[in-house]
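Participant: Sharing a structure with you now.
Residue numbers (the numbering used here): 65 to 440.
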């Protein structure tokens with residue numbers, strides 16, 4: 065795939081909408097390359113909210129997202145697609161690889177500054193960029209395992225050198241006078257449809273190994289492993305990996321079970337991670353109850369159940385729960401995206417309070433989706 069330019073009409077429309085929204089909000093769409101490598105057709109644009117571009121709304125422009133995780137929706141994106149987003153206050157320069165790693169598609173950033181267009185940047189999916197993302201995760205976690213000041217200095221030094229590499233990941237994309245049109249008749253069928261596996265039991269040996277490792281790495285760090293479920297019981301499918309305080313990065317997690325070298329997150333979770341995979345991780349200091357972040361990291365994004373094992377500082381297991389793949393989970397995700405946009409339309413404190421209270425309610429409902437499971 066070669067991207068030679070983007071139609072000025074599309075750029076102007078996105079910039080204008082960004083200026084209309086104001087408040088630092090961005091706008092995004094999926095663009096499509098023609099046979100000359102020009103992004104000239106595109107989906108209807110989607111307004112950004114509290115968390116940037118609502119991805120479920122973006123994907124809903126090409127495939128119905130009802131009851132689907134993001135990974136299934138992304139599998140319906142046409143091969144000639146490009147993700148286009150505006151960046152208020154920026155020039156269009158791209159200095160991270162998270163977007164291209166997640167979508168495995170070219171990413172175009174439209175800079176908006178001083179009430180107008182400020183430049184267009186392009187980053188293409190490349191194997192070395194995926195490996196950069198892996199290295200970034202490794203260095204972010206390495207600071208937690210540094211035992212001396214000199215060790216930590218060296219990790220930070222490597223991180224700064226890596227940041228310099230990020231300055232070269234994008235290039236400037238020409239904006240050309242070219243016809244542009246909104247495409248509304250795209251309705252692709254998701255190529256990936258993951259099974260909805262029920263989880264009832266977690267293998268006791270695996271639970272013990274995870275908690276022991278969690279206590280070993282200490283400092284409140286979570287550890288995780290990719291497991292598989294068979295007849296309701298989850299057993300290990302990979303090696304245990306250590307994450308950070310309250311999280312395990314997606315690439316680090318996947319490396320538990322598969323070789324992630326040169327692969328994007330999209331490729332990893334679509335093609336390599338087993339369909340019956342289950343994410344199993346620890347909650348140091350907890351009882352295994354999860355929250356909205358866990359739900360999004362597991363079934364919400366990757367379509368696999370997620371298990372949390374709660375334990376105390378001595379390694380005593382307090383409990384375990386699972387959030388499975390359910391329609392209700394995706395209904396909550398859709399509502400949360402809508403609320404993130406409605407926030408900006410609130411005209412009174414009362415209206416904003418109602419929105420914020422409902423967002424807290426959604427978070428509570430995610431927690432209610434946690435199902436206690438046996439460890440045996």
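Glycine included, every Cβ here is placed at the ideal spot set by N, Cα and C. Remember, predicted model here, so these are calculated numbers, not experimental data.
1) Mark residue 339 as exposed unless 16 or more other C-beta atoms lie within 10 angstroms of its C-beta, in which case mark it buried.
2) For residue 79, report the span of its alpha helix (DSSP H) as first-last.
3) Within 10 Å of its beta-carbon, does residue 166 have 16 or more other beta-carbons around it, so buried, or fewer, so exposed?
4) What are the start and end residues of the beta strand (DSSP E) that includes residue 294?
5) Helix, strand or coil: how does DSSP classify residue 440 here?
6) Less than 8 Å between the C-beta atoms of residue 439 and residue 266, yes or no?
7) Would you say the segment 344-354 touches the segment 420-436, given that touching needs at least three Cβ pairs under 8 Å?
8) Pick from 102, 287, 268, 269: whose alpha carbon is nearest that of residue 277?
9) Write down every uninterrupted run of the beta strand (DSSP E) in the segment 353-412 whose length is 3 residues or greater and which is fully enclosed by it, in chain order.
10) Should residue 94 and residue 145 be called a contact, given that it needs their Cβ atoms to be closer than 8 Å?
11) In whole angstroms, what separates the C-alpha of residue 300 from that of residue 259?
12) Do residue 189 and residue 168 come within 8 Å of each other at the CB atom, strictly closer than that value?
13) Take residue 255 and list the residues in its own chain whose beta-carbon comes closer than 8 Å to its own, dropping the five residues that flank it on each side.
14) Under a three-way DSSP split, which group does residue 130 fall into?
15) Which same chain residues end up closer than 6 Å to residue 73 when comparing Cβ atoms and leaving out the 5 residues on each side of it in sequence?
16) Inspect the beta-carbon positions of residue 298 and residue 317 and report whether they are closer than 8 Å.
17) Compare the C-alpha of residue 309 against each of 129, 199, 285 and name the closest.
18) Classify residue 214 as helix, strand or coil using the three-state DSSP reduction.
19) Assign residue 162 to one of three DSSP states: helix, strand, or coil.
20) For residue 121, name the three-state secondary structure that DSSP assigns.
21) Is residue 176 near the ligand MG, judged by its Cβ being under 7 Å from some heavy atom?
22) Considering Cα atoms alone, identify which of 379, 368, 397, 414 is closest to residue 257.
23) Could you please give me the residues that DSSP links to residue 145 through a beta bridge?
24) Might you give, ordered along the chain, the residues of its own chain that have their beta carbon closer than 6 Å to the beta carbon of residue 261, omitting 5 neighbours on each side?
25) DSSP state of residue 186, grouped into three classes?
26) Can you tell me which of the three DSSP states residue 351 falls into?
27) I'd like the list of long-range same chain contacts for residue 382, defined as Cβ closer than 8 Å, with 5 residues on each side in sequence excluded.
28) Look up residue 248 in the DSSP assignment and say whether it is helix, strand or coil.
29) Could you tell me whether the segment 220-238 touches the segment 75-86, where touching means 3 or more Cβ pairs closer than 8 Å?
30) Note the first and the last residue of the continuous alpha helix (DSSP H) segment covering residue 279.
31) If you count every other CB in all the chains shown that lies within 10 Å of the CB of residue 360, and 16 or more means buried, which is it?
32) Using only CA atoms, which one of 70, 414, 79, 307 lies nearest to residue 202?
Facilitator: From the atom records:
1) exposed
2) 72-85
3) Classification for residue 166: buried.
4) Counting along the chain, residue 294 sits inside the beta strand (DSSP E) bounded by residues 285-294.
5) coil
6) Annotated as proximal: residue 439 and residue 266, with beta-carbon spacing under 8 Å.
7) Touching, yes.
8) Check the Cα spacing between residue 277 and each of 102, 287, 268, 269: the tightest is with 287.
9) 370-375, 381-387
10) yes
11) 19 Å
12) yes
13) Here the set comprises 139, 140.
14) coil
15) 244
16) no
17) 285
18) helix
19) helix
20) Residue state, collapsed to three classes: helix.
21) The model on display carries no ligand, and the ligand MG is accordingly not part of it.
22) 368
23) 96
24) 293, 340
25) The answer is strand: DSSP assigns residue 186 an E or B state.
26) coil
27) Only 350, 351, 352, 374, 375, 376 meet the Cβ criterion.
28) coil
29) no
30) Run containing residue 279: 268-281, per the alpha helix (DSSP H) assignment.
31) Per the 10 Å Cβ criterion, buried.
32) 307
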